[in-house]
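Peer 1:
There are 2 protein chains.
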Amino acid sequence: MMGKLNAYVDRMSQPCRAILIFCRLNGIDFEEIKVDIAKSHHLSPEFTEVNPLQKVPAILHGNLNLFESHAILAYLSSAFPGIADHWYPTDVIRRAKINSILDWHHSNLRYGAGPAIGRPRNPKAAAEAEKVLLSSLSKLENIWLNGDGRFLLGSFQPSIADLSLVCELTQLEVLDEMDRGRILSPYKKVLGWIEDTRTATNPYFEEMHNILYRAKKKFQQQRSRIAESGTETTNNRGRHSKM
Amino acid sequence: MMGKLNAYVDRMSQPCRAILIFCRLNGIDFEEIKVDIAKSHHLSPEFTEVNPLQKVPAILHGNLNLFESHAILAYLSSAFPGIADHWYPTDVIRRAKINSILDWHHSNLRYGAGPAIGRPRNPKAAAEAEKVLLSSLSKLENIWLNGDGRFLLGSFQPSIADLSLVCELTQLEVLDEMDRGRILSPYKKVLGWIEDTRTATNPYFEEMHNILYRAKKKFQQQRSRIAESGTETTNNRGRHSKM
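For the record, the sequence lines run as chains B and F. In the numbering used here, each residue carries its 1-based index in the first sequence increased by 146. In the numbering used here, each residue carries its 1-based index in the second sequence increased by 146.
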């Protein structure tokens, strides 16, 4: 045994939630250490020692400090005993395919879904991010979900790629319902896959997303107040979340 | 045996060069199939069948089609017999650290070094990319190269992360010498590491970069002609390559 596992996370961050869900689902014993981004705790000397890049998520496992969520998920799958093989298959070809999706995630879905909701005050960046997001959704629908099974690559059970990408897309929850519907509804396989991944990883999926659902409620109330006070025109409101 | 390996590449692309160098260096038998990006060959139906995302590099190995350069390098390291362990260590912890650097590469160095030389006509994007590049170089210098050995993570032999990141940085070769010096010279460890990786992977490193050195010469001549004709002010010229 390598000793204690600490997970340094902020549940408002989608890759952090993926790691928490993975650990809980697989019975990995760990301590959740909150790094509150809104309070700049990621810049503290204590956390910088764990991750000199000052980003969550990060883990400390015995002497090993590790960051980047994909690397962490792959590590946890390999380092802990008894993790079901479907999460990160040992088969060289299946693993290569999952790595390929995870790499694709970096420069596509991650790039699109993050900024799409994170930069409402910069309409040009938001529009650009939405373009990337829609293109990514189309690729998910027509390439990655184009198989027999319900999960990525036509698999019958989820992998760390399903978990990672669905957590990314769930970030869209904070959007206005109409916006979320407009963006996601053309992608029927994607919608089914989000539901299937949610189901396969519950109750932990819901538990870790509670914070997001609460944020969503808050944003809805804000939007209602703005609409009532009439300070925004119909044209401006709701294209992107008011996060 | 899985059958024939085809590598679909354009040597003008840095991740393509990394894969070619890796294969040659490790005696992997393959066929190089040129996908000329400048001629839009990546959009052809034949190549789309290999990579529906229409990007190089991609490989076809028996029935397996695979894309994303990191996933390809990891796959080649595992699927072919006799590849030295230092390229992609089987040790779970060392592999996790290398994966972490490769993931970091996606949203940092890759994002910075690519656009820094690719968008000379968009000064704002180029300036933003240079900022990312300088921050990435500083992290390489102070975090990733902060160990006993000459390679990333203080290793004494190169991994696929060294190869991948050094190929990225070599793209800066096409810059004006003064610009390249201005950008790289403060980072002594980075400069040493580029040289060490080049040496460790020669003669294939030079062979695969010849195309870039030729492009560099062409750009230099273009810059000289522009300077002589006086069509650009001193202020404008040379901040980024005229690629």
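Note that CB positions come from ideal geometry on N, CA and C, so glycine has one too.
Evaluate A262 (chain B) with the Cβ neighbour count: other Cβ atoms within 10 Å of its Cβ, from every protein chain shown; 16 or more gives buried, anything less gives exposed.
Peer 2: Numbered from its first residue, the first sequence carries residue 262 (chain B) at position 116. Bear in mind that a pLDDT of 49 at A262 (chain B), under 50, signals an unreliable position, so the model cannot answer this.
Peer 1: Mapping the DSSP letters down to three states, classify E177 (chain B) as helix, strand or coil.
Peer 2: For the purposes of this step, residue 177 (chain B) is taken as the residue at position 31 of the first sequence. In this structure, E177 (chain B) counts as strand in the three-state DSSP scheme.
Peer 1: Quick check on the burial criterion: 16 or more other C-beta atoms within 10 angstroms. Buried or exposed for T194 (chain B)?
Peer 2: For this step, residue 194 (chain B) is matched to residue 48 along the first sequence. That one is exposed.
Peer 1: On a CA-only basis, which of F:L315, F:A272, F:A273 and F:I244 is nearest W290 (chain F)? Give me that one, please.
Peer 2: As a position in the second sequence, residue 290 (chain F) is number 144, starting the count at 1. Out of F:L315, F:A272, F:A273 and F:I244, F:I244 has the C-alpha closest to the C-alpha of W290 (chain F).
Peer 1: Starting from the beta carbon of F213 (chain B), find every residue of chain F whose beta carbon is closer than 9 Å, and list them in chain order.
Peer 2: Sequence index remark: in the first sequence, residue 213 (chain B) carries index 67 (1-based). Correct list: S246, D249 and W250.
Peer 1: Give every residue of the same chain whose Cβ lies closer than 8 Å to the Cβ of G331 (chain F), excluding the five residues on either side of it in the sequence, and list them in chain order.
Peer 2: Here residue 331 (chain F) corresponds to residue number 185 of the second sequence, with the count starting at 1. The sequence as given places Ser at residue 331 (chain F); Gly does not occur at that position. Contacts found: L337.
Peer 1: If you follow the beta strand (DSSP E) that L321 (chain F) is part of, which residue opens it and which one closes it?
Peer 2: What you label residue 321 (chain F) is simply residue 175 of the second sequence in a count that begins at 1. Where L321 (chain F) is concerned, there is no enclosing beta strand (DSSP E), given that its DSSP letter is neither H nor E.
Peer 1: Strictly under 8 Å for the Cβ-Cβ distance: is V336 (chain F) near chain B by that measure?
Peer 2: Counted from its first residue, the second sequence places residue 336 (chain F) at position 190. No, its Cβ sits nowhere closer than 8 Å to a Cβ of chain B.
Peer 1: Taking the beta carbon of L166 (chain B) as the centre, do at least 16 other beta carbons fall within 10 Å, making it buried, or is it exposed?
Peer 2: Mapped onto the first sequence, residue 166 (chain B) falls at position 20. L166 (chain B) comes out buried.
Peer 1: For a contact meaning CB atoms closer than 9 Å, what does K285 (chain F) contact in chain B?
Peer 2: What you label residue 285 (chain F) is simply residue 139 of the second sequence in a count that begins at 1. Neighbours of K285 (chain F) on chain B, chain order: P198 and L199.
Peer 1: In whole angstroms, what is the alpha-carbon distance linking H355 (chain F) and P203 (chain F)?
Peer 2: Here residue 355 (chain F) refers to the residue found at position 209 of the second sequence. Here residue 203 (chain F) refers to the residue found at position 57 of the second sequence. Spanning the two alpha carbons is a distance of roughly 16 Å.
Peer 1: Can A271 (chain B) and S246 (chain F) be called in contact, C-beta distance under 8 Å?
Peer 2: In the first sequence, counting from the first residue as 1, residue 271 (chain B) sits at position 125. In the second sequence, counting from the first residue as 1, residue 246 (chain F) sits at position 100. No, the pair does not count as a contact, with Cβ atoms beyond the cut-off.
Peer 1: With distances taken Cα to Cα, identify the nearest neighbour of P227 (chain F) among F:G173, F:E276, F:V196 and F:L280.
Peer 2: By 1-based counting over the second sequence, the position of residue 227 (chain F) is 81. Of F:G173, F:E276, F:V196 and F:L280, the residue nearest in Cα terms is F:G173.
Peer 1: Hey, would you say L219 (chain B) sits closer than 8 Å to S310 (chain B), going by beta carbons?
Peer 2: The residue given as residue 219 (chain B) occupies position 73 in the first sequence. The residue given as residue 310 (chain B) occupies position 164 in the first sequence. Yes, they are a contact pair.
Peer 1: How big is the Cα-Cα spacing for I183 (chain F) and G208 (chain B)?
Peer 2: Stepping through the second sequence from its first residue, residue 183 (chain F) is reached at position 37. Stepping through the first sequence from its first residue, residue 208 (chain B) is reached at position 62. About 47 Å.
Peer 1: Taking P349 (chain B) as the reference, give the member of B:A153, B:L171, B:A164 and B:P235 with the closest Cα.
Peer 2: Within the first sequence, the letter at position 203 stands for residue 349 (chain B). Considering only alpha carbons, the answer is B:L171.
Peer 1: Taking only three categories from DSSP, how would you classify V196 (chain F)?
Peer 2: In the second sequence, residue 196 (chain F) corresponds to position 50, counting from 1. Helix.
Peer 1: According to a CB-to-CB cut-off of less than 7 Å, which residues of the region 221-241 of chain F neighbour chain B?
Peer 2: Per Cβ criterion, the list reads Y221, S224, A225, V238 and I239.
Peer 1: Any chance you could list the alpha helix (DSSP H) runs of at least 4 consecutive residues sitting entirely within the region 215-286 of chain F, in chain order?
Peer 2: Segments of the alpha helix (DSSP H) lying fully in the region 215-286 of chain F: 215-225, 238-253, 255-264 and 269-285.
Peer 1: Using DSSP bridges, identify the partner residues of V336 (chain B).
Peer 2: The sequence position of residue 336 (chain B) within the first sequence is 190, counting from 1. V336 (chain B) is not bridged to any residue.
Peer 1: So, is the C-beta of L210 (chain B) closer than 8 Å to a C-beta in chain F?
Peer 2: Counted from its first residue, the first sequence places residue 210 (chain B) at position 64. Output row for L210 (chain B): interface = yes.
Peer 1: Beta-carbon separation of E177 (chain B) and D249 (chain F) under 8 Å?
Peer 2: The residue given as residue 177 (chain B) occupies position 31 in the first sequence. The residue given as residue 249 (chain F) occupies position 103 in the second sequence. Not a contact, by the Cβ cut-off of 8 Å.
Peer 1: Does I174 (chain B) get closer than 8 Å to chain F when you measure Cβ to Cβ?
Peer 2: One-based indexing of the first sequence puts residue 174 (chain B) at position 28. Not closer than 8 Å to any Cβ of chain F, the Cβ of I174 (chain B) fails to qualify, so no.
Peer 1: Thinking C-beta only, is V196 (chain F) closer than 8 Å to D156 (chain F)?
Peer 2: Mapped onto the second sequence, residue 156 (chain F) falls at position 10. Mapped onto the second sequence, residue 196 (chain F) falls at position 50. Going by C-beta atoms, D156 (chain F) is not nearer than 8 Å to V196 (chain F).
Peer 1: Consult DSSP for F213 (chain F) and reduce its assignment to one of helix, strand or coil.
Peer 2: As a first step, residue 213 (chain F) is located in the second sequence; it is residue number 67 there, counting from the start. DSSP places F213 (chain F) in strand when its eight states are reduced to three.
Peer 1: Under a Cβ-count criterion, where at least 16 other Cβ atoms within 10 Å of its own Cβ denotes burial, should K201 (chain F) be classed as buried or exposed?
Peer 2: Locating residue 201 (chain F) in the second sequence gives position 55, where the first residue counts as 1. K201 (chain F) should be labelled buried.
Peer 1: So the alpha helix (DSSP H) V312 (chain F) belongs to, where does it begin and stop?
Peer 2: Residue 312 (chain F) sits at position 166 when you count from the first residue of the second sequence. Unbroken alpha helix (DSSP H) run through V312 (chain F): I306 to T316.
Peer 1: For A275 (chain F), count neighbouring Cβ atoms within 10 angstroms of its own Cβ and tell me buried if that reaches 16, exposed if not.
Peer 2: Taking the first residue of the second sequence as position 1, residue 275 (chain F) is located at position 129. Buried, because 16 or more other Cβ atoms sit within 10 Å of the Cβ of A275 (chain F).
Peer 1: If you follow the beta strand (DSSP E) that H355 (chain B) is part of, which residue opens it and which one closes it?
Peer 2: The residue labelled residue 355 (chain B) in the question sits at position 209 within the first sequence. Unbroken run through H355 (chain B) is the alpha helix (DSSP H), Y350 to S375; no beta strand (DSSP E).
Peer 1: Suppose you measure from the CA of G264 (chain B) to the CA of L279 (chain F); what does that come to, to the nearest Å?
Peer 2: Counted from its first residue, the first sequence places residue 264 (chain B) at position 118. Counted from its first residue, the second sequence places residue 279 (chain F) at position 133. Low per-residue confidence applies at G264 (chain B): pLDDT is 49, beneath 50, and the placement is therefore not dependable, though the value from the model is reported in the following sentence. Rounded to whole angstroms, G264 (chain B) to L279 (chain F) spans 23 Å at the Cα level.
Peer 1: Provide the residue span of the alpha helix (DSSP H) that contains L166 (chain F), from first to last.
Peer 2: By 1-based counting over the second sequence, the position of residue 166 (chain F) is 20. It spans Q160 to L171 - the alpha helix (DSSP H) in which L166 (chain F) sits, taken as one unbroken run.
Peer 1: Just checking my contact of G255 (chain F) with S282 (chain F) at CB under 8 Å: how many whole Å lie between their CB atoms?
Peer 2: Looking up residue 255 (chain F) in the second sequence gives position 109. Looking up residue 282 (chain F) in the second sequence gives position 136. A small fix is needed here, since residue 255 (chain F) is Leu in this sequence, not Gly. Their Cβ separation, rounded to whole angstroms, is 4 Å, which keeps L255 (chain F) and S282 (chain F) in contact under 8 Å.
Peer 1: I need the straight-line Cα distance from F168 (chain F) to D175 (chain F), nearest angstrom please.
Peer 2: Counting from one through the second sequence, the residue named residue 168 (chain F) turns up at place 22. Counting from one through the second sequence, the residue named residue 175 (chain F) turns up at place 29. If you take the alpha carbons of F168 (chain F) and D175 (chain F), they lie about 11 Å apart.
Peer 1: Compare the beta carbon distance of H252 (chain F) and S159 (chain B) with 8 Å and say whether it is the shorter of the two.
Peer 2: Position 106 of the second sequence, counted from the start, is the residue given in the question as residue 252 (chain F). Position 13 of the first sequence, counted from the start, is the residue given in the question as residue 159 (chain B). No.
Peer 1: Using a C-beta cutoff of 8 Å, does S253 (chain B) count as contacting chain F?
Peer 2: Indexing the first sequence from 1 puts residue 253 (chain B) at position 107. For S253 (chain B), the answer is yes, since a Cβ of chain F falls inside 8 Å of its Cβ.
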